Amino acid sequence: MQNGHLFSLEQLQSALSAINSGKDLTAVFYRLNKALSPLFSYKNCCILTEHESLIYRAIASSDSDFNYSQWSLNKIMENEDVTEVFLSDGYSHAEHIANNKVNSNLSNILICKLPPSCNNSVVLFSELTGKPRFSVVGKDSMVSILLEQLYLKVESLNKAHSHTSHLLSLVAVMTEQAELFKELASEWFWRMNAVCEFICVDELAADDDLYKTHFVGKSPLLMRSDTETAQLRKWAQFQHIITQHGDFYEFEFELNAPRHLWISLSGKAQFNDTGEFMGYLGIAKDITYAKDREIAYKQAKEKAENANSAKSQFLAVMSHEIRTPMNSILGMVELISDTTLTEQQKEWLSYAQSSANLLLGLISDVLDFSKIESGTLSLDSSEVNLKELIQSISAQFESHTERGKLVFDQSIDKSVPDIIEGDSTRLGQILFNLLGNAFKFTSHGRVSLNISREHDLLTIKVSDTGIGIAEQDLTRLFQPFSQVSDSVKRKQQGVGLGLSITKKLIELMQGTIDCRSLLGVGTTFTVTLPFKAIEVSLVTSKPKSLQQSLNILVAEDNKPNQVLIEALLKKLNHSVTLTETGSEALNAIKAKQFDLVLMDMMMPVMDGLTATKYIREEMSLDVPIFALTANAGQADKVNCLNAGMNKVLTKPIRFSELSNAISSLHNNSVKR
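If you want our numbering, it's the position in the sequence shown, counting the first as 1, plus 249.
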């Protein structure tokens with residue numbers, strides 16, 4: 250091939266300018282072809298860059314079939330001094346062409362090396378019309394300059410294309426994210442005019458015809474649902490704010506729209522330079538989802554409260570219905586026990602009384618457990634004569650020692666105060682349950698009750714030499730409706746609530762309970778309770794006098810209970826008048842003066858609460874009124890006291906309880 254200047258300087262400058270001004274690869278390769286046409290003609294031009302060792306990849310081509318094709322040029326380019334190679338026989342001997350679109354039998358191929366600055370690249374011309382008669386890229390050839398400019402221009406276009414593609418990709422991602430944000434967004438801006446009509450919403454809301462239809466040109470008053478229209482106070486307050494041009498925040502209302510929609514508006518008043526009110530600028534938020542959840546929560550809460558109320562009502566009714574006949578049974582048994590009986594009759598009566606007491610205990614346990622589970626059990630706070638309480642509870646178990654097989658020891662440390670502050674009923678229930686449990690599982694040996702004090706803690710220990718508890722059973726000892734073994738469950742009576750309730754009561758009192766036991770040896774329960782001692786008055790109390798005869802009115806609709814109460818009161822030497830309804834009780838009080846009224850809560854025609862309120866408010870009478878109720882709940886007791894009753898006696902009424910309650914009248918301890 251000959252060497253030399255194939256272009257004049259003017260021609261080179263013109264060709265370089267043409268290539269450099271090409272807007273895309275098609276224009277660049279077209280202008281190169283035009284510039285080289287006086288020298289030789291070809292069908293395709295391709296720029297190859299070394300990808301791996303002597304493996305070249307097309308980075309640009311005038312024919313798209315050559316794009317990304319790979320060429321093995323190791324045999325052709327192994328001589329570093331070679332600047333160009335012409336292959337008239339084609340490329341059939343090449344080791345590899347990785348592109349099925351490229352014909353491997355190409356002929357008349359001219360491969361021209363580019364300078365090292367061009368990243369080990371070559372320019373490949375294919376399908377030349379003939380072999381050039383000169384060196385195309387010789388040392389002094391201006392074609393080398395032209396091809397180098399071609400490479401630089403192609404690199405520039407490729408980088409620009411890559412950068413543009415990257416930017417377009419980012420734009421696509423951001424557009425997709427923006428669409429997603431738009432879909433998920435629940436807040437948007439709005440503007441009102443001076444008459445408080447929406448005049449515009451931002452782009453986010455403007456794309457939704459719903460917002461355009463129901464906001465623009467309307468005031469909130471015209472957008473509200475029928476339910477909202479009925480809320481006069483709420484909207485009167487809102488209208489007052491906007492009339493005063495005040496700011497408002499998170500004003501929520503339901504929209505009158507084709508679909509369910511709740512909106513929250515926050516707005517700030519806008520004024521011009523002269524102080525003239527121009528309207529509002531603010532933000533709106535779609536709170537439909539949150540509002541639906543709030544409504545669902547309220548409905549679920551109301552449903553749960555209604556269910557709990559129904560449960561409480563059921564328990565109250567059951568308590569009343571069961572305790573009412575139990576009052577008659579236990580009362581009649583108590584009355585019969587004071588009559589002349591044979592030994593066998595006394596034994597039978599003892600069995601009846603024991604069974605009735607067991608049934609009453611089960612009823613009380615179930616009701617207490619229900620209150621504990623629902624969180625409605627509360628503790629009273631009053632003065633508790635601890636020693637009297639312990640003696641009273643202990644006395645109920647003295648009969649277990651009559652046959653001589655069982656010893657019952659009691660000890661109270663001198664440091665234990667006589668009077669403490671607490672709930673006498675619940676403290677007595679704890680003692681009764683622990684002692685009852687000990688006697689239940691101890692047929693012979695010893696049961697011990699020890700009360701001691703350590704600082705501000707009261708320690709109660711109940712020990713027995715009974716059957717004991719296996720170690721693996723201790724973990725479920727305080728579980729409700731559970732007993733330690735099937736064999737015990739069959740032999741002993743109860744539903745397994747006593748210890749569970751005892752533990753809950755102790756925890757309510759901020760105390761602790763612990764159990765230590767050995768099977769076949771015995772069991773010890775240890776209870777610690779915080780307490781507050783109360784100073785005992787130095788004034789010596791007067792001995793109780795015998796009860797004087799009182800005129801007592803009894804309002805009770807249950808016939809057996811009437812007979813029982815009348816018998817108990819006459820046994821105490823009192824005069825009794827019986828009525829069956831609250832209205833009859835009022836008529837009796839109007840006709841005669843009474844020293845005491847015993848009033849049942851639930852009666853036909855007029856209940857005891859209504860009758861009591863009438864006596865206090867309409868008749869302005871201060872006669873003592875004791876409630877006779879089979880409703881054992883704390884709320885029932887509060888209702889009685891709030892109605893004006895002085896004391897609450899829970900059925901079944903025991904003779905001793907009734908006597909003590911009436912005795913309080915003589916001691917002037919009844920307070921309204």
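Backbone N, C-alpha and C define an ideal beta-carbon position, used for all residues, glycine too. Nothing here was measured: the structure is a model prediction, and the numbers come from that model.
Name the one or two DSSP bridge partners that residue i has.
i           : result
residue 305 : 299, 320
residue 848 : 804, 876
residue 896 : 875
residue 465 : 447
residue 762 : 776
residue 582 : Partner(s): none; residue 582 has no beta bridge.
residue 367 : Its beta-bridge partners do not exist; DSSP assigns none.
residue 362 : 371
residue 484 : Beta-bridge pairing links residue 484 to no other residue.
residue 438 : 532
residue 333 : 361
residue 511 : 503
residue 310 : 295
Where does residue i land, buried or exposed, given buried means 16+ other C-beta within 10 angstroms?
i           : result
residue 529 : buried
residue 486 : exposed
residue 412 : exposed
residue 509 : exposed
residue 678 : buried
residue 830 : buried
residue 755 : buried
residue 400 : buried
residue 724 : exposed
residue 863 : buried
residue 426 : exposed
residue 463 : buried
residue 482 : exposed
residue 933 : A query on residue 933 cannot be resolved here, the shown segment of the chain reaching from 250 to 921 and no further.
residue 868 : exposed
residue 266 : exposed
residue 342 : Summary for residue 342: the model assigns pLDDT 43, below 50, so the residue's position carries little reliability; its value from the coordinates is reported in the next sentence. Label assigned to residue 342: exposed.
Helix, strand or coil for residue i, going by three-state DSSP, please let me know.
i           : result
residue 612 : helix
residue 519 : strand
residue 378 : coil
residue 879 : coil
residue 499 : strand
residue 530 : strand
residue 456 : At residue 456, the pLDDT of 48 sits below 50, so the modelled position is not reliable; the number obtained from the coordinates is stated separately. Of the three classes helix, strand and coil, the one that applies to residue 456 here is coil, per DSSP.
residue 634 : strand
residue 338 : coil
residue 885 : helix
residue 781 : strand
residue 740 : Confidence at residue 740 is low in this model, with a pLDDT of 46, below 50, so its placement is unreliable and the value that follows should be read with caution. Looking at residue 740 - three-state DSSP - the assignment turns out to be helix.
residue 826 : strand
residue 473 : strand
residue 767 : strand
residue 315 : helix
residue 789 : Unreliable positioning characterises residue 789 in this predicted model, as indicated by a pLDDT of 41, which lies under 50. The coordinate reading is nonetheless provided below. Coil, per DSSP.
residue 293 : strand
residue 261 : helix
residue 868 : coil
residue 535 : strand
residue 835 : helix
residue 344 : The predicted model places residue 344 with a pLDDT of 44, which falls under 50 and marks its position as unreliable, so this point remains unresolved.
residue 728 : coil
residue 902 : coil
Rounded C-beta distance between residue i and residue j? I'm assuming under 8 Å.
i           : j           : result
residue 900 : residue 572 : 4 Å
residue 698 : residue 684 : 7 Å
residue 372 : residue 305 : 11 Å between Cβ atoms; not a contact.
residue 424 : residue 290 : Residue 424 to residue 290, Cβ: 47 Å. No contact.
residue 579 : residue 605 : 5 Å
residue 779 : residue 760 : 7 Å
residue 857 : residue 876 : 7 Å
residue 396 : residue 355 : Rounded, the Cβ-Cβ distance is 19 Å, inconsistent with contact.
residue 620 : residue 611 : Going by Cβ atoms, the distance from residue 620 to residue 611 rounds to 15 Å, so no, they are not a contact pair.
residue 773 : residue 762 : Contact flag wrong, Cβ pair sits at about 11 Å.
residue 701 : residue 662 : 4 Å
residue 375 : residue 384 : Not confirmed; about 19 Å, so no contact.
residue 870 : residue 838 : 7 Å
When the cut-off is 7 Å and only beta carbons count, does residue i lie next to chain B?
i           : result
residue 527 : The structure shown contains no chain B; it holds only a single protein chain.
| said: In chain order, what are the residue ranges of uninterrupted beta strand (DSSP E) at least 3 long that sit wholly in the stretch 644 to 718? | reply: 655 to 661, 668 to 671, 694 to 703, 706 to 713
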